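So the sequences go chain by chain: F and X. One point on numbering: in our numbering, the residue at position 12 of the first sequence is 141, and numbering is uninterrupted. One point on numbering: in our numbering, the residue at position 150 of the second sequence is 279, and numbering is uninterrupted. To start, the structure itself, in structure tokens.
Number of protein chains: 2
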Amino acid sequence: MLKQKERGQLIVLSGPSGVGKSTVIAELFSQRENIHFSVSYTTRKPRVGEQDGVNYNFVSREEFEGMIARDELLEYAEYVDNYYGTSLKAIEEQLSRGVDVLLDIEVQGAAKVRSRCPDALFIFIIPPSFEELSRRLHGRNTDSEEVIAGRLEKAKIEFREIPNYDYLVINDKVSHAVAEIEAILTAAECRVENRTSILTQFA
Amino acid sequence: MLKQKERGQLIVLSGPSGVGKSTVIAELFSQRENIHFSVSYTTRKPRVGEQDGVNYNFVSREEFEGMIARDELLEYAEYVDNYYGTSLKAIEEQLSRGVDVLLDIEVQGAAKVRSRCPDALFIFIIPPSFEELSRRLHGRNTDSEEVIAGRLEKAKIEFREIPNYDYLVINDKVSHAVAEIEAILTAAECRVENRTSILTQFA
């Protein structure tokens, strides 16, 4: 009974391109049980190799607009004639089973989630320095100088949103960043309001 | 620079007699650096074996009343003609050097600290069940049935204060309770407001 979590935590993770977020998330998921990734819904067509329910939930425009009409989306946006969004219903279903749900979204999406789910844990991942972010983006060898300059400019704008987050995790080393996120999740489980069912036996 | 903490955390730990708080604290201190115990001030005479500055800071009645007059005490009480209190000045000096300070106090003292230091971390330790608390108190073999019954009654009153705490830690196993407290302290270090100096390099 003590091990049974009453309700999962919604975790919102943001951070600039190149900070190493995907690696941190993969490592976190390999170490921690009972945490799921929120799979976005989109109306765009699957690319080669993309799986329905894994990379995205691929739906028709009609289905997506039905979700909007029924207020089932936590946040959504339209890019290049396609919708992208997060289903509040799917998340709620997991949280109620005691599963933590991680949302990897940009600062604008995070702001929308904040207005609807203020109790979520908002975590921003930063590199140890701006120079290191630039080094990491160059080290990928995938982007042109122009694209990298654009990403660094965007990072600067994103950093301005950090005061709206609860936690700041520094990815100087993946193991260190993962340990900090694990501590944040464990501490959240220990919050008095998340352990009310334990308290009933002492009342 | 990243390792340097800007400011220590004030940690208030409460829990009923018999919950195993001293063992948990000893284990926490053996595992964690940069955390100090707040030594109370008292006007009572040292008992055999008690050391000044270790068990208590032993001061005269005049000195103690001077601390009251100068508003240097975070909380204090008078029992059996002796003062007992916590020096805000001593705590503040350690926090400003980046050292965490742990206060082991009862619910009434914790309430006073809450009104003056709302940013402190308030942690309450409970046993896995009320029956287990009773077993532990009996297992000590030091107290009469009457004394134990009194401690259990007092525990029930203390439990009512739990909603005023931030965190609830279950001491089913010492290692488990210590791991939860460690996570709470690490998560607090990751809070955005505790990492503002890191942010200045990204501004």
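C-beta: ideal position from N, C-alpha, C; glycine also. If you're wondering where the values come from, they're calculated on a predicted model, not measured in any experiment.
Q. Could you give the uninterrupted runs of the alpha helix (DSSP H) lying entirely in the region 164-189 of chain F, keeping only those of 4 residues or more?
A. Counting whole runs of 4 or more residues, the region 164-189 of chain F contains no alpha helix (DSSP H) stretch at all.
Q. Just checking my contact of X/D229 with X/G144 at CB under 8 Å: how many whole Å lie between their CB atoms?
A. Cβ atoms of X/D229 and X/G144 stay farther apart than 8 Å, at about 18 Å.
Q: For my contact list, F/V148 and F/L231 are in at a C-beta cut-off of 8 Å; report their separation, rounded to the angstrom.
A: Actually they are not in contact, since the Cβ atoms of F/V148 and F/L231 sit about 16 Å apart, beyond 8 Å.
Q. For X/S244, which three-state DSSP category applies?
A. Residue state, collapsed to three classes: helix.
Q. Any Cβ of chain X within less than 7 Å of the Cβ of F/M130?
A. A caution first: F/M130 carries a pLDDT of 38, below 50, which makes its placement in the model too unreliable to give a value.
Q) Which whole-angstrom value describes the C-beta separation of X/A317 and X/L224, a residue pair presumed to lie in contact below a C-beta threshold of 8 Å? A) Under the criterion of beta carbons closer than 8 Å, X/A317 and X/L224 do not qualify as touching, at roughly 12 Å.
Q.
Counting only C-beta atoms, is F/L231 closer than 7 Å to chain X at any point?
A. No, F/L231 lies away from the interface with chain X (no Cβ there is under 7 Å from its Cβ).
Q) Are there 16 or more other CB atoms within 10 angstroms of the CB of X/E322, so buried, or fewer, so exposed? A) The residue is exposed, with fewer than 16 neighbouring Cβ atoms inside 10 Å.
Q.
Nearest by alpha-carbon distance to F/R269: which of F/K134, F/V141, F/I140 and F/S146 is it?
A. Out of F/K134, F/V141, F/I140 and F/S146, F/S146 has the C-alpha closest to the C-alpha of F/R269.
**Q.** Contacting residues, own chain, Cβ-Cβ under 6 Å from F/Y294 (five flanking each side not counted)
**A.** Taking F/Y294 as the centre and dropping the five residues before and after it, the same chain places the C-beta of F251 and F253 closer than 6 Å to its C-beta, in chain order.
Q: Could you give the DSSP three-state label for X/I234: helix, strand or coil?
A: The answer is coil: DSSP assigns X/I234 none of H, G, I, E or B.
Q.
Please list, in chain order, the residues of the region 284-316 of chain X that have any C-beta partner in chain F closer than 7 Å.
A. Residues of the region 284-316 of chain X whose Cβ lies closer than 7 Å to any Cβ of chain F, in chain order: F288, I291, P292, Y294, D295, Y296, L297, V298, I299, D301, E309, A312, I313, T315 and A316.
Q: Starting from X/V303, follow the alpha helix (DSSP H) in both directions and report where the run begins and ends.
A: DSSP places X/V303 inside the alpha helix (DSSP H), whose first and last residues are V303 to E318.
Q | Three-state class that DSSP yields for F/M130 in the structure shown | A | Residue placement at F/M130 is poorly supported in this model, since its pLDDT is 38, which falls under 50; the coordinates are not used for a value here.
Q. Does any residue of chain X bring its CB to less than 7 Å from the CB of F/R324?
A. At least one chain X Cβ lies under 7 Å of F/R324.
Q.
Quick check: the Cα distance between F/G227 and F/S159, rounded to an integer number of angstroms?
A. In a straight line, the C-alpha of F/G227 is about 18 Å away from that of F/S159.
Q) Looking at the unbroken beta strand (DSSP E) that takes in F/T215, where does it start and where does it end? A) Judged by DSSP secondary structure, F/T215 falls within the beta strand (DSSP E) whose first and last residues are N211 to S216.
(Q) Please state whether the Cβ-Cβ distance between X/L142 and X/D233 is less than 7 Å. (A) It is a contact, given that the beta carbons lie within the stated cut-off.
(Q) Just list the residues that DSSP pairs F/Y296 with in beta bridges. (A) F/Y296 is bridged by DSSP to F/I252 and X/R320.
**Q.** Buried/exposed call for F/E309, threshold 16 Cβ in 10 Å
**A.** Answer is buried; the Cβ neighbour count reaches 16.
(Q) Counting beta carbon pairs with one atom in the region 167-179 of chain X and one in the region 279-289 of chain X, are three or more of them shorter than 8 Å? (A) The region 279-289 of chain X vs the region 167-179 of chain X: no contact.
Q.
Please tell me whether X/C319 has its Cβ less than 7 Å away from any Cβ of chain F.
A. It does: the Cβ of X/C319 has a partner Cβ on chain F nearer than 7 Å.
Q: Flag F/F331 as yes if its beta-carbon sits less than 7 Å from any beta-carbon of chain X, otherwise no.
A: Yes, because at least one Cβ of chain X sits closer than 7 Å to the Cβ of F/F331.
Q: Rounded to whole angstroms, what's the CA-CA distance from X/H305 to X/E311? Just pull it up for me.
A: Pairing X/H305 with X/E311, the inter-Cα distance amounts to about 10 Å.
Q) For F/S326, which residues of its own chain have a beta-carbon under 6 Å away from its beta-carbon, when the five flanking residues on both sides are left out? A) So the qualifying residues of the chain are E135.
Q.
Please confirm whether X/F259 has its beta-carbon closer than 7 Å to some beta-carbon of chain F.
A. X/F259 counts as touching chain F.
Q) Rounded to the nearest angstrom, how far is the Cβ of F/E201 from that of F/L217, given a contact under 8 Å? A) With a Cβ gap of about 6 Å, F/E201 and F/L217 count as contacting.
Q. Alpha carbon to alpha carbon, what distance is there between X/A239 and X/S167?
A. Straight-line Cα distance between these residues: approximately 13 Å.
Q: May I ask you to list the residues that DSSP assigns as paired with X/E260?
A: DSSP, once it has assigned bridges, lists no residue as partnering X/E260.
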